[in-house]
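Counted from 1, the sequence shown has number 142 at position 142 by UniProt numbering; the numbering is strictly sequential.
Positions of the beta carbon are idealized from the N, C-alpha and C atoms, including for glycine.
For clarity, every value in this text was computed on a predicted model and none was experimentally measured.
Notes follow the structure.
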Amino acid sequence: MKKKPILERIGDFMEGKGFYIVLFLCVAAIGISGYYLFSSLDMGDGDAAVAAPTQVVVMPTVQPVKPTVAPTPAPTAKPTPAPTPAPTPAATPAPTPAAPAASVFTWPVKGQVVADYSLEVLAYDETMGDWRTHSGIDIAVPVGTQVLAVSAGTVASVEQDDLMGTTVVIAHAGGVESIYANLAAVPTVEAGDQVSIGAVIGAVGTTAVAESARAPHLHFEMREDGESVDPVSYLPE
1 MKKKPILERI
11 GDFMEGKGFY
21 IVLFLCVAAI
31 GISGYYLFSS
41 LDMGDGDAAV
51 AAPTQVVVMP
61 TVQPVKPTVA
71 PTPAPTAKPT
81 PAPTPAPTPA
91 ATPAPTPAAP
101 AASVFTWPVK
111 GQVVADYSLE
121 VLAYDETMGD
131 WRTHSGIDIA
141 VPVGTQVLAV
151 SAGTVASVEQ
161 DDLMGTTVVI
171 AHAGGVESIY
181 ANLAAVPTVE
191 AGDQVSIGAV
201 IGAVGTTAVA
211 ESARAPHLHF
221 EMREDGESVD
231 PVSYLPE
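Written as structure tokens, this is what we have:
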């Protein structure tokens with residue numbers, strides 16, 4: 001008798017009783033597997049409750065925060081108030097000195113001018129017989145006529161000039177001088193005397209040898225700061 005191949009024999013077995021045996025084994029396997037499955041779950045839960053490792057929470061080390069202490073502000077020096085300057089009293093203007101009154105002049109004698117002032121044009125001199133300048137004016141008056149100070153001042157000098165004879169010089173304000181020549185030998189004033197306008201200082205004489213050829217007269221001159229000027233510019237008209 002020919003033996004069937006193993007696969008056919010297995011197939012025949014499965015078609016017979018073998019089917020139920022396999023079915024039983026499968027059911028048993030499923031049951032056993034389920035039992036162990038649930039048993040392992042129960043044991044796992046218990047073990048988990050017991051053996052679950054305690055989770056250690058490591059808290060970070062926190063350094064205590066020191067309270068920030070606000071720096072104590074340095075005491076601010078109070079500004080020293082600047083002293084209030086005392087009001088400067090308004091300066092009282094110094095009184096302006098009154099300007100000296102302009103000097104007043106008068107004629108030294110009353111007569112006719114017979115020789116004019118001439119420093120730029122030469123004039124003929126009858127006495128000397130030549131042409132020369134004339135630094136003053138000649139006023140014709142009789143000998144002995146009183147001669148007056150033309151303005152207030154101080155007698156600066158009384159001289160005996162070789163050419164112009166007895167001469168008196170009076171200093172006035174502002175550097176002005178008046179000169180009186182051909183006076184009588186003895187005038188009525190001395191150097192240093194204070195004279196007022198119109199004061200008698202002497203008399204007309206004949207002492208001026210440089211003008212002896214002329215009629216009796218007063219030779220009169222004026223100077224400003226030592227410089228000769230025309231006397232008529234000072235005398236009233």
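Rounded straight-line distance, which links the Cα of residue j to that of residue i
i, j, result
"residue 172", "residue 124", "32 Å"
"residue 170", "residue 204", "17 Å"
"residue 174", "residue 224", "8 Å"
"residue 194", "residue 232", "24 Å"
"residue 153", "residue 103", "10 Å"
"residue 182", "residue 206", "6 Å"
"residue 133", "residue 230", "13 Å"
"residue 136", "residue 160", "18 Å"
"residue 162", "residue 210", "9 Å"
"residue 117", "residue 110", "17 Å"
"residue 222", "residue 234", "9 Å"
"residue 200", "residue 228", "24 Å"
"residue 180", "residue 188", "13 Å"
"residue 30", "residue 24", "10 Å"
Proximity of residue i and residue j at Cβ, strictly below 7 Å
i, j, result
"residue 122", "residue 131", "yes"
"residue 150", "residue 178", "yes"
"residue 145", "residue 212", "no"
Buried or exposed (CB count within 10 angstroms, at least 16 for buried), residue i
i, result
"residue 208", "buried"
"residue 164", "buried"
"residue 176", "buried"
"residue 237", "exposed"
"residue 142", "exposed"
"residue 220", "buried"
"residue 32", "exposed"
"residue 226", "exposed"
"residue 47", "Because the pLDDT at residue 47 is just 46, under 50, the model does not fix this residue reliably, and the value given afterwards should be weighed accordingly. When all chains shown are included, residue 47 counts as exposed."
Neighbourhood of residue i by C-beta distance below 8 Å, restricted to the same chain and skipping five residues each side
i, result
"residue 190", "155, 158"
"residue 198", "106, 148, 149"
"residue 192", "154, 155"
"residue 114", "138, 139, 140, 214, 215, 217"
"residue 21", "none"
Among the options, nearest to residue i - alpha-carbon criterion
i, options, result
"residue 108", "223, 225, 218", "218"
"residue 184", "199, 167, 198", "167"
"residue 140", "147, 116, 134, 112", "112"
"residue 238", "21, 216, 186", "Examination of residue 238 is not possible in this model, given that the chain is present from 1 through 237 alone."
"residue 138", "227, 214, 30, 21", "214"
Contacting residues, own chain, Cβ-Cβ under 7 Å from residue i (five flanking each side not counted)
i, result
"residue 97", "A caution first: residue 97 carries a pLDDT of 48, below 50, which makes its placement in the model unreliable, though a value can still be read off. Nothing listed; no residue qualifies."
"residue 129", "none"
"residue 45", "Reliability of the predicted coordinates at residue 45 is poor, the pLDDT of 49 falling under 50, and no value is obtained from them."
Any non-hydrogen atom of the ligand NAD closer than 6 Å to residue i Cβ
i, result
"residue 184", "With respect to the ligand NAD, the structure offers nothing, as it holds no ligand at all."
6 Å Cβ shell around residue i - same chain, five flanking residues per side excluded
i, result
"residue 27", "none"
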